[in-house]
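With our numbering applied, the sequence shown covers 32 to 425.
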Amino acid sequence: MKYITRTVWILSIVSLLTDTASEMLYPIMPIYLKTIGFSVVLIGILEGVAEATAGLSKGYFGKLSDTSGRRVPFVQIGYAFSTISKPMMAIFIYPLWVFFARTIDRFGKGIRTGARDAILSDEATPQTKGKIFGFHRSMDTLGAAIGPLLALIYLYYNPNDYKTLFYIAFIPGLFAVLASFFLKEKNHTTDRPKTTVSFFSFLQYWKESPTTYKKLVVGLLIFTLFNSSDVFLLLKVKEAGLDDTAVIGVYIFYNLIYALFAFPIGIMADNIGLKTIFVSGLVLFATVYFGMAINTNIYFFFGLFFLYGIYAAATEGISKAWISNITDKKDTATAIGTFSGLQSICTMLASSLTGLIWFQFGATIAFTLTATITLIVFAYFLTIPKPINGTTET
């Protein structure tokens, strides 16, 4: 734990509180939107616009953070935007205002992501990236388990009172914003001239980035393009016969496993290699999706979600640690922001693609195809050199 600095602790607590607020609303968001008149199609459009906003803004604000040499203001403003969006979703029930509130939430994520991950990278050495990113993911995901659990308890005593949950979610979000003011800005020297950053100027980084970065990101994006929303996994469990409470319980169980394993797996990654851990995670992912394709046993689903939690712990934080180890320190926010932005867009496309395949050919084909593509991506990653001390093997 000696590697976990004061700054990493603060960022991790901020993320825990924010995810508690956001994930408190995740299971009930589509239900609430339906109660105020949203159709399934309109909900899909809303989430698509929100994710596209987050995706594109991640790259822009990552580039802006690197260019300005500042991190903390982007983190503070980003978390503040996400926090104020919570009560707005309850106050404004007209579709246009709901779109505005939801977009503000995702816009906040876009503002903070690159700068926050750059701070985490700055707090680590190439030999401790797995620990730092793993610890942060662990705390972040603990909030993702606490949030739905609080929602489940509240709705047990107050059935169908969805609107109040949005006000309750504002409380941990507010504490997250207050905690972010304990962050201190470090001096980031840059030899770049001060220039205006256009909204799509971060894409220029793709042309300038190292070849190893391009190879890594291409593999990550192909995987993302077939890695659809977790909603499809929960839908499969629902179809197997679990009631709504049990489905939320499975989701909480997955997040708890993710939270418990993210930090120790990060430590393992620093010892045996980021790449080794990441590709092992891909194998687990393929196993889970093959299992989802053929399984009908309700209890076996918990085993699959156990493996799914370990997969998430072995890939999400590790991928950003890997990126930060193969790019120049002055470009960290741009590199991670560019990847995160493209990843958000691919995630949006992935869910649409999986939904279409599920509709046309059934869940078994959808899950089997995803698992098969993952094994192909696994083979591709074996051709990428391991990152060593901020560079790569030749």
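Quick reminder that beta carbons are idealized off the backbone N, C-alpha and C, glycines included.
Because the structure is a prediction, the values reported are computed rather than measured.
On the CB-based measure, 16 or more other CB atoms within 10 Å of its CB, does residue i come out buried or exposed?
i    : result
R37  : exposed
P190 : exposed
E424 : Here the model assigns E424 a pLDDT of 38, short of 50, so the residue's position is not dependable, and the following value carries that caveat. Label assigned to E424: exposed.
K94  : buried
S382 : buried
Q391 : exposed
S70  : exposed
W128 : exposed
N286 : buried
G393 : exposed
G68  : exposed
I122 : exposed
E54  : buried
G334 : exposed
K217 : exposed
A410 : exposed
W328 : The sequence given here places Asn at residue 328; Trp does not occur at that position. Exposed, by the Cβ-count rule.
K117 : buried
K160 : buried
L387 : exposed
T276 : exposed
F496 : The question about residue 496 has no answer here: the residues shown for the chain are numbered 32 through 425.
N258 : buried
D192 : exposed
What are the boundary residues of the alpha helix (DSSP H) that includes residue i?
i    : result
L151 : 126-153
I415 : Run containing I415: none; DSSP gives neither H nor E here.
E54  : 37-56
Y198 : 193-211
E216 : Note, E216: premise wrong, no alpha helix (DSSP H); not H, not E.
D171 : 160-188
A7   : Because residue 7 is not part of the residues shown, which for the chain are 32 to 425, the question remains open.
L335 : 329-356
I67  : Premise fails: I67 is in no alpha helix (DSSP H) and is neither H nor E.
P104 : 103-122
Y244 : 242-256
G368 : 363-392
Y236 : 235-239
K360 : Where K360 is concerned, there is no enclosing alpha helix (DSSP H), given that its DSSP letter is neither H nor E.
L265 : 262-270
Can you tell which of the options has its C-alpha closest to the C-alpha of residue i?
i    : options                : result
Q430 : G90, W128, G145        : Residue numbering for the chain in the displayed model covers 32 to 425; residue 430 lies beyond these limits and cannot be assessed.
F197 : L413, L56, K361, F398  : L56
S46  : G204, A155, L181       : G204
T84  : A132, T66, F69, D50    : A132
L151 : F138, T134, T378, I349 : I349
P416 : V310, A324, F316       : V310
Q158 : L183, F412, S355       : S355
I253 : R101, F412, T363       : F412
V249 : L387, R101, L373       : L373
T114 : L384, I404, A200, S99  : A200
W389 : K238, V80, M323, F331  : M323
I163 : I35, G280, R143        : I35
L234 : L64, G86, T51, T395    : G86
E239 : V319, T358, P126, L180 : T358
K351 : G165, M379, N326, S99  : G165
I404 : Y330, I135, T318       : T318
I59  : T134, Y185, I41, R137  : Y185
I76  : L214, V278, T134       : T134
L180 : G312, A343, F284, K65  : F284
T385 : A277, F263, V314, V103 : F263
H167 : F331, F294, I298, L380 : F294
N326 : F316, K267, L380       : K267
V281 : S211, T255, A210, F331 : F331
T346 : T243, S43, V314        : V314
D362 : A149, T378, R143       : A149
I407 : L251, M379, M120, I202 : L251
G178 : T51, K33, L42, T395    : T51
- Item | the stretch 80-91 touching the stretch 364-383, judged by at least three CB pairs closer than 8 Å | yes
- Message: I want to know whether the stretch 296-312 touches the stretch 329-339 - three or more CB-CB distances under 8 Å.
- Response: no
- Message: Could you check whether the stretch 400-419 touches the stretch 271-278, counting it as contact only if at least three pairs of C-beta atoms, one from each stretch, sit closer than 8 Å?
- Response: no
- Flag this pair as touching only if the stretch 158-175 and the stretch 275-290 have three or more C-beta atom pairs under 8 Å; answer yes or no. yes
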